[in-house]
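A quick write-up on the structure given underneath.
2 protein chains.
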Amino acid sequence: MGDKPTLNPRHNKAEVFARLRDAHAREVTEDYVEMISDLIHEEGEARSVALAERFGVTAATVNNTIKRLERDGYVTSRPYRSIFLTEKGETLAKKCRDRHQIVYNFLVSIGVDPDTAEFDAEGIEHHVSEETLRVFAAVSRADDAL
Amino acid sequence: MGDKPTLNPRHNKAEVFARLRDAHAREVTEDYVEMISDLIHEEGEARSVALAERFGVTAATVNNTIKRLERDGYVTSRPYRSIFLTEKGETLAKKCRDRHQIVYNFLVSIGVDPDTAEFDAEGIEHHVSEETLRVFAAVSRADDAL
DNA sequence: AAAGCAATTTAGCCTTGACTAACTTTGAAA
DNA sequence: TTTCAAAGTTAGTCAAGGCTAAATTGCTTT
């Protein structure tokens with residue numbers, strides 16, 4: 001067991017967990033903008049009913065979340081109409097879609113079953129740092145080359 | 147029955163997100179039992195003040211969480227005394243510690259910086275399926291052999 | 001033994017994200 | 001054009017997990 005671990009001065013874990021809590025707070029936002037983007041591409045528009053069905057929650061829950069996303073500047077919406085991404089929302093959606101793809105490809109490339117990879121990627125993607133994402137992408141490319 | 151394409155597997159994401167929400171609900175519990183276990187091993191006992199310091203939250207928050215863990219059978223505690231893990235808590239702590247180690251070792255083995263790995267592992271560990279965990283362990287072992 | 005300080009607990013508040021139930025609006029079929 | 005089911009909204013509830021402020025307990029030190 002290594003010598004000189006980061007051990008000591010004060011068990012600096014607090015910051016790790018603080019960042020983890022921040023990441024959690026962003027997860028739902030990221031999942032929603034990504035899904036809204038998917039829906040617009042696949043079905044031409046993003047309706048509440050489709051979001052509710054895909055997330056497995058009620059329409060009321062979707063409504064609450066969309067209000068918050070609107071408050072935070074990620075989407076625009078009008079009563080009884082479909083939902084649109086703002087520039088800010090589009091940007092975040094693209095970043096999330098790319099990241100999801102990298103994590104998914106990585107998992108498959110190291111031998112995880114595609115169905116499992118799809119599920120795990122959905123959870124892991126929110127907790128992968130830029131550095132780790134780069135390593136994932138590099139590993140996938142290396143595997144491709146084989 | 148004029149079925150809409152609800153059976154299209156592309157759209158069957160609801161299950162994924164439901165399981166994701168379950169995982170999220172378990173995260174704090176897992177982090178706490180793991181930390182309590184660490185404290186008992188490192189300092190001989192687990193006190194609220196140490197948990198608060200390491201998680202970067204207030205004593206009141208720790209108190210709330212410990213009550214919930216007690217309700218759910220993971221710990222025992224008496225007022226103004228230190229906290230103990232039940233059998234159930236010990237079992238979960240061991241599982242989490244092992245899983246954390248596998249994820250951490252895996253990240254380092256593919257080239258992620260140890261500090262980054264430590265942070266990312268803390269977030270990723272809660273979202274890794276049994277299958278992916280096996281793959282991670284296998285990859286680490288393969289790298290060791292080099 | 002009493003004081004004082006640190007640790008813990010309690011009480012009250014907040015946001016997120018979930019729910020049900022009831023209501024309103026839209027849009028399409030009759 | 002009327003009607004009515006589906007879609008969306010609103011209101012009220014709940015648990016988790018944060019917070020602050022204030023009260024309480026236990027320990028250590030005079």
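As you go down the protein sequences, you meet chains A and B in turn.
According to this note's numbering, the first sequence is numbered sequentially starting from 1.
According to this note's numbering, the second sequence is numbered sequentially starting from 147.
Glycine is no exception: its CB is placed at the ideal position from the N, C-alpha and C atoms.
Are the Cβ atoms of residue i and residue j separated by less than 8 Å?
| i | j | result |
| --- | --- | --- |
| A/T76 | B/T262 | no |
| A/V33 | A/L92 | yes |
| A/A14 | B/F201 | yes |
| A/N63 | A/S48 | yes |
| B/H273 | A/H127 | yes |
| A/V103 | A/E125 | yes |
| B/V258 | A/I110 | no |
| A/G73 | A/K95 | no |
| B/T204 | B/A198 | yes |
| B/L166 | A/G44 | no |
| A/A37 | A/R97 | Note that residue 37 of chain A corresponds to Ser in the displayed sequence, not to Ala. Yes, Cβ-Cβ distance for A/S37 and A/R97 is below 8 Å. |
Classify residue i: buried if its beta carbon has 16 or more other beta carbons within 10 angstroms, exposed otherwise.
| i | result |
| --- | --- |
| B/V281 | buried |
| A/D120 | buried |
| B/H187 | exposed |
| A/L146 | exposed |
| A/A46 | buried |
| B/R217 | exposed |
| B/R287 | exposed |
| A/N105 | buried |
| B/E176 | buried |
| B/R172 | exposed |
| A/R99 | buried |
How about residue i: is its C-beta nearer than 8 Å to some C-beta of chain B?
| i | result |
| --- | --- |
| A/R71 | no |
| A/G123 | yes |
| A/E131 | yes |
| A/R81 | no |
| A/T116 | yes |
| A/I36 | no |
| A/G111 | yes |
| A/F119 | yes |
| A/L39 | no |
| A/F84 | no |
| A/R26 | no |
| A/V135 | yes |
| A/V128 | yes |
| A/G56 | yes |
Give me whichever residues DSSP pairs with residue i in a beta bridge.
| i | result |
| --- | --- |
| B/E230 | Note that residue 230 of chain B is Phe in the sequence shown here, rather than Glu. Paired residue(s): B/T222. |
8 Å is my cut-off, CB to CB: does residue i come that close to chain A?
| i | result |
| --- | --- |
| B/A160 | yes |
| B/D244 | no |
| B/G190 | no |
| B/L166 | yes |
| B/L292 | no |
| B/L253 | yes |
| B/V285 | yes |
| B/E199 | yes |
| B/A239 | no |
| B/A169 | yes |
Counting only runs that start and end within the segment 104 to 146 of chain A, where is the beta strand (DSSP E) found for 3 or more residues in a row?
none
At 4 residues or longer, what runs of the alpha helix (DSSP H) sit wholly inside the segment 44 to 76 of chain A?
48 to 55 and 59 to 71
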